[in-house]
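A short write-up of the structure that comes next.
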Amino acid sequence: MSFTRISDDNARISKHLQESTDQGKYMLNTPGQGMNPHYMEDPHYRLAGWADNLGENAIDVENDLHGLTRKLNRDEVELNTHAIHSNPMKSRTKSSTHTGGEDQSRSTHPTWTFRENKQHREQILLHNPQENVFREFEHNTSSRLDQKK
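The sequence shown: position 55 = 173 (our numbering), numbered continuously.
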């Protein structure tokens with residue numbers, strides 16, 4: 119007798135699990151930039167991955183901000199105070215900063231400095247810009263009519 123329930127096959131289950139979890143493994147298993155990466159101070163850089171913006175207790179801080187460390191209670195003010203029941207902050211070593219060597223054109227050359235400049239160039243042009251305005255050949259004609267002639 120053959121096994122017809124292919125959804126319960128062990129090989130298919132493991133393959134389906136692998137396909138459904140491999141997307142998250144890329145984000146979890148990417149290598150870091152070392153133990154002490156540079157922090158980019160330039161605001162035009164997009165911080166991605168392990169960009170030195172997370173501390174050691176990021177999940178605890180997020181849970182504390184969502185109010186998950188305190189019981190749901192609106193009558194007792196002492197139990198609802200944030201400062202007493204918050205998680206202790208852990209100090210961490212500061213990474214070295216890197217300002218970046220690129221200048222951004224919006225900050226180095228703002229637009230209002232160029233509004234007063236003349237936009238007209240008074241140099242003689244090498245070629246006549248109106249030279250190719252008129253076409254010297256017939257266009258928009260049917261090629262079928264040309265073939266019949």
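For every residue, glycine included, the Cβ atom is placed at its ideal position computed from N, Cα and C.
Considering residue i, what are the terminal residues of the alpha helix (DSSP H) in which it resides?
i	result
arginine 224	223-226
glutamine 265	261-266
May I have the straight-line CA-CA distance separating residue i from residue j, to the nearest angstrom?
i	j	result
tryptophan 230	lysine 236	13 Å
threonine 148	glutamate 137	18 Å
phenylalanine 255	aspartate 221	50 Å
serine 125	threonine 139	18 Å
aspartate 182	leucine 197	14 Å
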